[in-house]
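Accompanying notes for the structure given below.
Protein chains: 2
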Amino acid sequence: MLKYQKIALEMARHITENLQQKDKLPVIETLISHYKVSKSTIIKALKVLEDKGIIYMVRGSGIFVRGEGRKGYFNLLGVNELHGDARDNRYDLLEIMEIERISALPEVTNALRLEKTAKVYSVKYVYYLDKQVTCLEQVFLSQKIISNLDEEIAPKPIWEYIKDVLGIKMGFPDIYVNVDKLNAEEASFFGLNAEDPMLCKEIIYHLVNGQPVCYSRAVYHYKQARFFLKINSSN
Amino acid sequence: MLKYQKIALEMARHITENLQQKDKLPVIETLISHYKVSKSTIIKALKVLEDKGIIYMVRGSGIFVRGEGRKGYFNLLGVNELHGDARDNRYDLLEIMEIERISALPEVTNALRLEKTAKVYSVKYVYYLDKQVTCLEQVFLSQKIISNLDEEIAPKPIWEYIKDVLGIKMGFPDIYVNVDKLNAEEASFFGLNAEDPMLCKEIIYHLVNGQPVCYSRAVYHYKQARFFLKINSSN
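Protein chains in written order, with my numbering: chain A, 2 to 236; chain B, 2 to 236.
See the structure below:
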């Protein structure tokens, strides 16, 4: 982690724990002397916080706290280290249901830019909240990042697994959201009826060189499919 | 528009029209001499393109085109000038159904941080695609930005109206997404059945000083509720 990223993380924690929406941050000079870093490091750190929707800067007026998202909504960009507390899914238990090595279907070879005959690992996860199923996720991992996935795979969200267990640095994700009706199998997991609404969130994770390596397709219980997104439009 | 923003827009157009996923951009020195601007302007412009998910940069290796999102999916951040072609909604016709000045309900005073007794303008829009209703939107405008809204309001998306007609510079939006079942009234607009799925996208638009001034609640036909989001995780 680079110095400005550490400072950004520290500042993000401080803001989350101690400050509220519209609170004003100290001026840059004060931040410089508090964190004992250069002006350019502080400015880079502030840019990170701005990009993450944690602060906003008003020219000539100061730096302000943007405030938390709406209660009960989760960060759509739950792949994001600075929002370690605003998770991808609301869940209190995660189980791995199935691990297989399979021939990839066209949507998977497409997403991962693999040959048509490629094999991939498929991992099925079930996320629970209060003993109810809140999300069903199927993850496809390219053999380019993992040659032998076994039953020992830790039951943690796939991006944590890739980052912490495989030690791979992730580049950018592409996210797709769509809405449909549950099929009978999904409905039985959720304790809902077939044809009830669902939200499907797909994420294609890339390495920093742009190579896609992991494709996740998650179906959410519609009552828990509540996401927020704080974007910075200052560009 | 600042110089680096103009360059970013020019580069974005060039990429969209002429380049494909994984294509490599010229090195920075070539961009500098092509656009006849300083290195810091080019770097700022590239940062904008990176933040918008148009390019990705690989240290020591170059700048690459990230490629379009999946066909049939629209940019979830359709409030974004650089993605003028990737609109908020897919529609070919937009109508204003109703304009009223009303007492704001609690969810509206909350979103716009108004007093409980505040009045707001409500504008109801219908978006059509191929003569079918694809989206129903209700927009609430704070009287802080508009004192007298009349029937002359142009039938264009509200963020375009605020920017182009009112000439107000927008700050950051907060976006909320959730899924639910259609009620009977909504279903009749869409030609669907009550209880069919829908996606609801709420946007709270802020001025650059952080003041929320416009709250939009849009309900999408579930078959057209397909969004993509390209984020840059390099921070």
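Built from N, CA and C at the ideal position, the CB exists for glycine as well.
Do you know how far the Cα of residue 158 (chain B) is from the Cα of residue 1 (chain A)? Since the displayed chain A opens at 2 and closes at 236, residue 1 (chain A) lies outside it and no answer follows.
By how many angstroms is the C-alpha of residue 168 (chain A) removed from the C-alpha of residue 206 (chain B)? The C-alpha of residue 206 (chain B) lies about 39 Å from the C-alpha of residue 168 (chain A).
In angstroms, rounded to a whole number, what distance separates the CA positions of residue 220 (chain A) and residue 32 (chain B)? Cα-Cα distance, rounded: 43 Å.
Can you confirm whether the region 45-62 of chain B touches the region 8-17 of chain B when touching is taken to mean that 3 or more C-beta pairs between the two stretches lie within less than 8 Å? yes
If you draw a straight line from the C-alpha of residue 194 (chain B) to the C-alpha of residue 100 (chain A), how long is it? 38 Å
Residue 12 (chain A) lies in the beta strand (DSSP E); which residues open and close that run? Note, residue 12 (chain A): premise wrong, no beta strand (DSSP E); alpha helix (DSSP H) at 4-19.
Comparing the C-beta of residue 24 (chain A) with each C-beta of chain B, is any distance below 8 Å? no
Which two residues bound the contiguous alpha helix (DSSP H) that contains residue 40 (chain B)? From DSSP, the alpha helix (DSSP H) with residue 40 (chain B) extends over 40-52.
Less than 8 Å between CB atoms is the rule here; does residue 65 (chain A) satisfy it with respect to chain B? yes
Please classify residue 131 (chain A) as buried or exposed, where buried requires at least 16 other C-beta atoms within 10 Å of its C-beta. exposed
Quick check: the Cα distance between residue 225 (chain B) and residue 202 (chain A), rounded to an integer number of angstroms? Each residue's Cα considered, the two are about 15 Å apart.
Which residues, in order along the region 202-232 of chain B, keep a beta-carbon less than 7 Å from a beta-carbon of chain A? Identification of residues in the region 202-232 of chain B having a C-beta nearer than 7 Å to some C-beta of chain A yields 209, 210, 211, 223, 226, 227, 228, 229, 230, 231 and 232, given in sequence order.
Who are the neighbours of residue 141 (chain B) on chain A, taking C-beta pairs under 7 Å? Simply none; closest approach about 16 Å.
Straight-line CA distance for residue 228 (chain B) to residue 104 (chain A)? 28 Å
Report yes if the C-beta distance between residue 121 (chain B) and residue 95 (chain B) is below 8 Å; otherwise report no. no
Using a C-beta to C-beta distance shorter than 7 Å, which residues of chain B count as neighbours of residue 71 (chain A)? 177
Note the first and the last residue of the continuous beta strand (DSSP E) segment covering residue 219 (chain A). 213-222
Can you pull the chain A neighbours of residue 40 (chain B), defined as C-beta to C-beta under 9 Å? The contacting residues do not exist; residue 40 (chain B) stays about 16 Å from chain A at best.
Is the Cβ of residue 57 (chain A) closer than 8 Å to any Cβ of chain B? Yes - at least one Cβ of chain B is within 8 Å of the one on residue 57 (chain A).
Do residue 59 (chain B) and residue 243 (chain A) have their beta-carbon atoms positioned less than 8 Å apart in this structure? Because chain A here runs from 2 to 236, residue 243 (chain A) falls outside it and cannot be looked at.
Compute the Euclidean distance between the alpha carbons of residue 86 (chain A) and residue 135 (chain A), then round it to the nearest angstrom. Because the pLDDT at residue 86 (chain A) is just 44, under 50, the model does not fix this residue reliably, and the value given afterwards should be weighed accordingly. Roughly 18 Å between the two C-alpha positions.
Whole alpha helix (DSSP H) runs in the region 133-198 of chain B with 4 or more residues, listed along the chain? 185-191
Can you tell me whether residue 33 (chain A) is helix, strand or coil according to DSSP? Residue 33 (chain A) falls in the helix class under three-state DSSP.
Host beta strand (DSSP E) of residue 101 (chain A) (start-end): 94-104
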